[in-house]
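These notes concern the structure reproduced below.
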Amino acid sequence: MTKSGIAVGLNKGHIVTKRPAKSKPSHRKGTLGKRVSFVRTLIREVVGFSPYEKRALELLRIGKDKRTLKFVKKRLGTHLRAKRKREELSEALRSKRN
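The sequence shown begins at 1 in the UniProt record's numbering and counts up one residue at a time.
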């Protein structure tokens, strides 16, 4: 509701012009940038997978998705990180097959 400029009533209050709020840098936290994305893919290409990731890939190959999740969760600490890692590895496996 807009203010009316009158001191009483439902829309009481001084009329002001709303200024647009600047977007804070903290609001874009977690957004993947182009450079970071490129660097990660380059490193993955050069270095490959770590030993635990290789084992997880092997589990995925034989179709043990739930076991992979449990294994990766144990290594990474949280359920969400484990789900992301499992998805990332299964995507790598899919791209490798094609």
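Cβ atoms here follow ideal geometry from the backbone N, Cα and C, with glycine treated the same way. Keep in mind the model is a prediction, meaning the values are calculated, not measured.
(message) So for R19, helix, strand or coil by DSSP?
(response) In the sequence shown, residue 19 corresponds to position 19, counting from 1. Here R19 sits in coil by DSSP.
(request) Tell me where the alpha helix (DSSP H) around V39 begins and ends. (result) In the sequence shown, the residue the question calls residue 39 occupies position 39. Segment 34 to 47, the alpha helix (DSSP H) holding V39.
(message) Under 8 angstroms: do the stretch 78 to 89 and the stretch 51 to 70 share three or more Cβ pairs, one atom per stretch?
(response) yes
(request) For T68, name the three-state secondary structure that DSSP assigns. (result) Mapped onto the sequence shown, residue 68 falls at position 68. The answer is helix: DSSP assigns T68 an H, G or I state.
(message) Since residue 133 and L93 should fall inside the 8 angstroms C-beta cutoff, what is the C-beta to C-beta distance between them, to a whole number of angstroms?
(response) Past the boundaries of the shown model lies residue 133; the chain is included only from 1 to 98, so the question cannot be answered.
(message) With H, G and I counted as helix, E and B as strand and the rest as coil, what does DSSP make of S26?
(response) The residue given as residue 26 occupies position 26 in the sequence shown. The answer is helix: DSSP assigns S26 an H, G or I state.
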